[in-house]
Amino acid sequence: MHFSIFFKTAMMSRVFSTVYLSNLPMKSSLFHPLYWPSWLAIGLLRIWVTLPYSWIYYSGKGLGWLMDKTLKGRRHVVEVNIGLCFPELTDTQQDALVSKTMQSTAIGLLESAYSWWASDVAIKKRSHMEGLNHIDKASEEGRGVLLIGAHYTTLDLSGRVFGSERPCDVIYRPQRNKVFDYVINSSRTKHLGELIDKLDMRKMVKRLKKGHTVWYASDQDFGRRGSVFAPFFGIPTATLTTIRQLVKLSGAKVLFYAHHRIDDGGNSRYVGKILDVFDENIGAEDIEDARQVNQVIENSIRPCPEQYLWVHRRFKTRPSEDDPNLYAKFRR
């Protein structure tokens, strides 16, 4: 029995040394046997991403096909979102888009693992950035940049693409799985910049005042508190009001970061675009800010709708508490 424990502990140590990414302190609690399955999963991902990129892409598509057939709850959420946002599509077209979304989501999961360990050279070889001059201009003016992003399926990889060109702080929400939270945040501190908890407004303002770029993807439903309702694909959507507070307190320039995958099998590439598309009065009024941000995100989604994270219940919170739950039952 003692030998078994020793052997398992030794194996876990090998996994830790393989996946260790940065100087981010590792809590001793992560060595608990409760987390060994998670570490083994991380170890397998670490091995998998050393394979040729085509393996990552096509295994992601295969995983997406499996998810499409088995994860009925998640597929239902995607069906609801696609049905609400693309009513102009026929039932057949919507079904096809749902399946493509499940595949893109699965590819994105493996792309995330790829982003944790790939070198900057590998990232640059497969990606292209546009609009960095907007970041540089703000820096020359002595202003920080509030970089608005969105939850594309390529979210983690888009961070690496940007981070390979310019430093960037990241506003984050802790993951439920503490092992994955550690690995993800280790990658971000190594390849991007400071990690800022989504509730730490003071640190966000401090970094922006110092002229840093802070990346903020606010397009998720966190309930009524701190939100207003603004159209997103024509649907009143709970949208966070953090932008006005950050701009008012820091004087930061607000830019948008769009990102997508150019699908070409094993030769797929990634394009990131920094866009100066917001009105000069962005940050002046909550509802108008929310309207602008939602419209810009919508415009960025439409060219590649399957690459948005439709598995999230974006329309969970409704304007009235008496409104029906859109995800409980949906018919086209």
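The working numbering numbers the first residue of the sequence shown as 1449 and each following residue consecutively.
Where a beta carbon is used, it is the ideal one built from N, C-alpha and C, also for glycine.
Check	Outcome
Report yes or no: do three or more beta-carbon pairs, one from the region 1578-1598 and one from the region 1530-1548, lie closer than 8 angstroms?	no
Considering only residues of the same chain and omitting the five flanking positions on each side of D1604, which have a CB-CB separation below 6 angstroms?	S1560, S1563
Hey, quick one: how far does the alpha helix (DSSP H) through I1583 stretch, first residue to last?	1580-1588
Candidates L1703, I1683, V1676: which alpha carbon is nearest R1690's?	Sequence check: residue 1690 is Thr here, not Arg. Checked all of L1703, I1683, V1676; the closest Cα to T1690 is V1676.
Measuring CA to CA, which of D1724, R1762, Q1740 is closest to G1731?	Q1740
Y1620 by DSSP, collapsed to three states: which one?	strand
Could you pull the DSSP bridge partners for R1717 from this structure?	I1710
Cβ of D1415 within 9 angstroms of Cβ of R1692?	This structure leaves residue 1415 out entirely; the chain is present only between 1449 and 1780.
What are the residues that DSSP puts in a beta bridge with D1398?	Since the first residue shown for the chain is 1449 and the last is 1780, residue 1398 is missing from the structure and cannot be characterised.
Helix or strand or just coil, what does DSSP make of H1576?	strand
W1758 by DSSP, collapsed to three states: which one?	coil
Using a Cβ-Cβ cut-off of 6 angstroms (strictly less than) and excluding sequence neighbours within five positions of M1577, which residues of its own chain qualify?	E1613, G1720
Would K1646 pass as a contact of Y1620 if the rule is Cβ separation under 9 angstroms?	yes
Cβ atoms of R1636 and G1607: under 9 angstroms apart, would you say?	yes
Please name the residue in R1750, F1763, Y1705, H1760 whose C-alpha comes closest to that of H1582.	Y1705
Is the beta carbon of G1611 less than 9 angstroms from the beta carbon of H1639?	yes
Within 10 angstroms of its Cβ, does N1742 collect 16 or more other Cβ (buried), or is it exposed?	buried
Using the DSSP secondary-structure output, state which residues sit across from W1564 in a beta bridge.	DSSP lists no partner for W1564.
What separation, rounded to the nearest whole angstrom, lies between the Cα atoms of D1770 and R1522?	24 angstroms
Would you tell me roughly how many angstroms separate the C-alpha atoms of P1615 and Q1755, rounded to the nearest one?	25 angstroms
I want to know whether the region 1662-1673 touches the region 1513-1533 - three or more CB-CB distances under 8 angstroms.	no
Could you give the distance in angstroms between the alpha-carbon of V1759 and the alpha-carbon of N1773?	16 angstroms
Quick check on G1491: does DSSP put it in helix, strand or coil?	helix
To which residues of the same chain is D1794 closer than 7 angstroms at the C-beta, ignoring the five residues directly before and after it?	Because the chain is modelled from 1449 through 1780, residue 1794 falls outside the range shown and cannot be assessed.
In terms of residue numbering, what span does the alpha helix (DSSP H) encompassing F1610 cover?	1603-1611
Out of N1729, D1734, D1711, S1748, point me to the one whose CA is closest to S1552's CA.	D1711
Which two residues bound the contiguous beta strand (DSSP E) that contains A1738?	Note, A1738: premise wrong, no beta strand (DSSP E); alpha helix (DSSP H) at 1734-1749.
Output yes or no for whether 9 angstroms exceeds the beta carbon distance between T1601 and I1530.	no
According to DSSP, is Y1705 part of a helix, a strand, or is it coil?	strand
L1537: which of R1750, A1776, W1503 sits nearest, CA to CA?	R1750
Quick one: grab the DSSP three-state call for F1628.	helix
To the nearest angstrom, report how far apart L1595 and W1513 are at their CA atoms.	33 angstroms
Whole beta strand (DSSP E) runs in the region 1493-1518 with 3 or more residues, listed along the chain?	none
Any idea if L1499 is buried or exposed, counting beta-carbon neighbours within 10 angstroms, 16 or more meaning buried?	exposed
Taking the alpha helix (DSSP H) that S1675 falls in, what are its first and last residues?	Unbroken run through S1675 is the beta strand (DSSP E), 1675-1680; no alpha helix (DSSP H).
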